[in-house]
Amino acid sequence: MKPGLWRRIEELFHKSLELDSSRRTDFLEKASKGDEELRSEVESLLAEEETTGEFLETPALQVAAQALAESRTELAGKTLGEYKVLSLLGTGGTAIVYKALHLELEQHRALKVLPPEIASDRTRMRRFRREAKAVSRLSHPNIARIFELREESGVHFIVLEYVDGETLSDRLKKGPVPISELVGYARRVAEALDHAHSKRIVHRDIKPSNIMITTGQSLKVLDFGLAKIKEAEEETSGEQSFSTDTLTQPGVVMGTIGYMSPEQLLGKDLDQRTDIFSLGVVIYNMTTGILPFPGKTLSDQMDRILNSHPEALARFNREVPVKLEMIVRKCLQKEPKKRYRTCRKLLADLSDI
Amino acid sequence: MEEGSSQVTRLLQLWGGGDQSALEQLTPIVFQELHRLAHCYMSGEREGHLLQTTALINEAYIRLTGLDSIDWQSRTHFYAVAAQTMRRILVDFARSQKALKRGGEVQRVVIEENLLASQATDLNLVALDDALLLLSEVDERKSRVVELRFFGGLSIAETAQVLGVSPDTVMRDWRLAKVWLRREMDKTG
Numbered sequence: 037m038k039p040g041l042w043r044r045i046e047e048l049f050h051k052s053l054e055l056d057s058s059r060r061t062d063f064l065e066k067a068s069k070g071d072e073e074l075r076s077e078v079e080s081l082l083a084e085e086e087t088t089g090e091f092l093e094t095p096a097l098q099v100a101a102q103a104l105a106e107s108r109t110e111l112a113g114k115t116l117g118e119y120k121v122l123s124l125l126g127t128g129g130t131a132i133v134y135k136a137l138h139l140e141l142e143q144h145r146a147l148k149v150l151p152p153e154i155a156s157d158r159t160r161m162r163r164f165r166r167e168a169k170a171v172s173r174l175s176h177p178n179i180a181r182i183f184e185l186r187e188e189s190g191v192h193f194i195v196l197e198y199v200d201g202e203t204l205s206d207r208l209k210k211g212p213v214p215i216s217e218l219v220g221y222a223r224r225v226a227e228a229l230d231h232a233h234s235k236r237i238v239h240r241d242i243k244p245s246n247i248m249i250t251t252g253q254s255l256k257v258l259d260f261g262l263a264k265i266k267e268a269e270e271e272t273s274g275e276q277s278f279s280t281d282t283l284t285q286p287g288v289v290m291g292t293i294g295y296m297s298p299e300q301l302l303g304k305d306l307d308q309r310t311d312i313f314s315l316g317v318v319i320y321n322m323t324t325g326i327l328p329f330p331g332k333t334l335s336d337q338m339d340r341i342l343n344s345h346p347e348a349l350a351r352f353n354r355e356v357p358v359k360l361e362m363i364v365r366k367c368l369q370k371e372p373k374k375r376y377r378t379c380r381k382l383l384a385d386l387s388d389i
Numbered sequence: 026m027e028e029g030s031s032q033v034t035r036l037l038q039l040w041g042g043g044d045q046s047a048l049e050q051l052t053p054i055v056f057q058e059l060h061r062l063a064h065c066y067m068s069g070e071r072e073g074h075l076l077q078t079t080a081l082i083n084e085a086y087i088r089l090t091g092l093d094s095i096d097w098q099s100r101t102h103f104y105a106v107a108a109q110t111m112r113r114i115l116v117d118f119a120r121s122q123k124a125l126k127r128g129g130e131v132q133r134v135v136i137e138e139n140l141l142a143s144q145a146t147d148l149n150l151v152a153l154d155d156a157l158l159l160l161s162e163v164d165e166r167k168s169r170v171v172e173l174r175f176f177g178g179l180s181i182a183e184t185a186q187v188l189g190v191s192p193d194t195v196m197r198d199w200r201l202a203k204v205w206l207r208r209e210m211d212k213t214g
């Protein structure tokens, strides 16, 4: 473009808009002084202006979210094999979960749809299938079951037990949990973990949003063994491994760092004691309403988890039994060897309360 | 570990002082945080259904710098890099979805050709990004206005602050830029 032309276009564009639309053509004629390129440019821009309206007025993030939401609900009403997809249950990062009906058995299921990036990666799928196979062998009243791994019409999904209830995180939003009730929850989670650990499966992502409270204060732990899938998801979503002080861990989703154990943050090998740590955090949260290792920034939280001792439960809840204080402290030991080695011992101590 | 927070603050200040390399160090840190937050926001994992981009950016700012109190200088710089970063994130996401063409009827229905061509607003982020690039070659400031307002969600006043011009100038820039972009996008269909 000729230098200066753009400035002129701009000037005439704005000046024209100040006038009545009826007077613009004349004005343009005169103001452009025979420069045809100038005149036609401004004219075409003015014409476009008339229909621009709400263009770009909705911020990009909202547009993206809307489009994403639209595309996800499109699966509702479709049938995948013997499963009829009913509705969208929720999303956890990149995984999408639907409520479905097993048409033959007339039972509800939860279908977790794997994003195509993972489904198309053979190595990941192999690893994932191995994990899912191991987890499908878990059979316990406090563990949400995995039924099968399927592929229908190009969609890869996991069929899970459908659990009706509210998550512990939603329950916690409503207010404090009485001691007897929370001890009951702690015991059930510990039972579930004990069962899994006995089969050499570590959950790796114990937190309130993965714990479903069902009728009669019973409970089921969700997403067992699926933490490995989260790893795969994070890897493909383009998280480049910038070396910042914080978060070089795969599988870290915003907001859940609070429940991670020191060894998880440091990328070390994990065993059942990592779940025990996370359970300790959950108990702490249920008892006090806050996290043992809070922080405004991620690095603050990480620092606390690695280096600070949590405040006593009694500071926030006067009804805390001393035994519970001791149990939580043991669960939250920085070094795994100082924690409970198995859930059996933890359960024994919990039943003393 | 306190290093993390003050590192970002320091980089922001350095960049404000004209150190370009500080921006280069800042961008990946900001990217990682915004990327994570954006996914959560987009998936509906945030409370409240008002998807305010500035809320997200503010959240990232606090999480990265630990500063509740607003240091205006640093914050406006953060806004600038955040808007740029959000653009990259959302457009990259749109491009990657566009590249996914799965076989199978159901999947084709689920993943449209251009995932981020929302029916609601009929907007194609990839095409917009291309058009914005062209605009920046004609008028850099106008493309920055669009980047800040559309990708960063900033108001006219906030944009004026970041760019160091009057709100009036921003409004005029915004008006013309929108028209120009739309015309450009209409050309390529």
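Residue numbers (our numbering), protein chains in the order written: chain A, 37 to 389; chain B, 26 to 214. Every residue gets a Cβ at the ideal spot worked out from N, C-alpha and C, and that includes glycine.
What are the boundary residues of the alpha helix (DSSP H) that includes residue i?
i, result
"Ala185/B", "181-188"
"Val78/A", "72-88"
"Lys203/B", "192-212"
"Lys256/A", "First-last for Lys256/A: 255-257, but that is the beta strand (DSSP E), not the alpha helix (DSSP H)."
"Lys66/A", "57-68"
"Val151/B", "150-163"
"Gly316/A", "308-324"
"Thr94/A", "It is not in any alpha helix (DSSP H) - Thr94/A carries neither H nor E in the DSSP assignment."
"Ala168/A", "158-172"
"Asn343/A", "334-343"
"Asn83/B", "78-90"
Please list, in chain order, all residues of the same chain as residue i whose beta carbon is under 6 Å from its beta carbon, the five residues on each side excluded.
i, result
"Glu421/A", "Missing from the structure shown is residue 421/A; chain A here goes from 37 to 389 and no further."
"Asp385/A", "Ile363"
"Gln369/A", "Arg375"
Would a C-beta distance cut-off of 8 Å place residue i and residue j closer than the cut-off?
i, j, result
"Val171/B", "Leu92/A", "yes"
"Gly178/B", "Pro95/A", "yes"
"Ser99/B", "Gln38/B", "yes"
"Leu158/B", "Leu115/B", "no"
"Ser189/A", "Leu139/A", "no"
"Ala168/A", "Tyr134/A", "no"
"Val204/B", "Glu84/A", "yes"
"Arg224/A", "Leu185/A", "no"
How far does the beta strand (DSSP E) with residue i in it reach, from first residue to last?
i, result
"Ile182/A", "182-188"
"Phe193/A", "191-197"
"Val149/A", "143-149"
"Met248/A", "247-249"
Using beta carbons (cut-off 8 Å, strictly below), is residue i in contact with chain A?
i, result
"Phe176/B", "yes"
"Leu115/B", "yes"
"Asp154/B", "no"
"Gly89/B", "For the record, residue 89/B in the displayed sequence is Leu; it is not Gly. Yes, its Cβ sits closer than 8 Å to a Cβ of chain A."
"Tyr86/B", "no"
"Glu130/B", "Caution applies to Glu130/B, whose pLDDT of 34 falls short of 50 and renders its modelled position unreliable; the value that the coordinates give is listed next. Yes, because at least one Cβ of chain A sits closer than 8 Å to the Cβ of Glu130/B."
"Trp205/B", "yes"
"Tyr104/B", "no"
"Leu141/B", "Per-residue confidence for Leu141/B stands at a pLDDT of 38, beneath the threshold of 50, marking its modelled position as unreliable; the derived number appears in the next sentence. Closer than 8 Å to some Cβ of chain A, the Cβ of Leu141/B qualifies, so yes."
For residue i, which residues from the same chain have a beta carbon less than 7 Å from its beta carbon, with the 5 sequence-adjacent residues on both sides left out?
i, result
"Ala156/B", "Leu206, Glu209, Met210"
"Gln77/B", "Gly178"
"Pro212/A", "Gly325"
"Lys126/B", "The pLDDT assigned to Lys126/B is 34, lower than 50, so where the model puts this residue is not dependable; a value taken from the coordinates is nonetheless given after this. If we look at Lys126/B and ignore the five residues flanking it on each side, it has no Cβ neighbours."
"Ile341/A", "Met296, Pro298, Leu301, Phe329"
"Arg173/A", "Lys235"
Once you ignore the five residues that flank residue i on each side, which residues in its own chain have a CB closer than 8 Å to its CB?
i, result
"Ala222/A", "Leu315, Val318, Ile319, Met322, Leu386"
"Leu218/B", "Here chain B covers residues 26 to 214 and nothing more, so residue 218/B does not appear."
"Arg113/B", "Phe56"
"Leu74/A", "Leu41, Arg44, Ile45, Leu48, Ser68"
"Glu54/A", "none"
"Asp305/A", "Glu299"
So, does the CB of residue i fall closer than 8 Å to a CB anywhere in chain B?
i, result
"Ser175/A", "no"
"Pro95/A", "yes"
"His393/A", "Outside the displayed span of chain A (37 to 389) sits residue 393/A, for which this structure offers no information."
"His345/A", "no"
"Thr88/A", "yes"
"Phe391/A", "The first residue shown for chain A is 37 and the last is 389, placing residue 391/A beyond what the model contains."
"Leu334/A", "yes"
"Ala112/A", "no"
"Ala100/A", "yes"
"His239/A", "no"
"His50/A", "yes"
"Phe260/A", "no"
Query raised in the report: Taking one C-beta from the segment 69-80 of chain A and one from the segment 76-86 of chain B each time, how about it: are there three or more such pairs within less than 8 Å?
Result: no
Query raised in the report: Does the segment 186-206 of chain A come within contact of the segment 134-148 of chain A, defined as at least 3 CB pairs closer than 8 Å?
Result: yes
Query raised in the report: Should the segment 339-347 of chain A be regarded as contacting the segment 202-215 of chain A, the criterion being three or more beta carbon pairs within less than 8 Å?
Result: Result no; under three Cβ-Cβ pairs closer than 8 Å.
Query raised in the report: Okay, do the segment 367-379 of chain A and the segment 223-233 of chain A touch, 3+ Cβ pairs below 8 Å being the bar?
Result: yes
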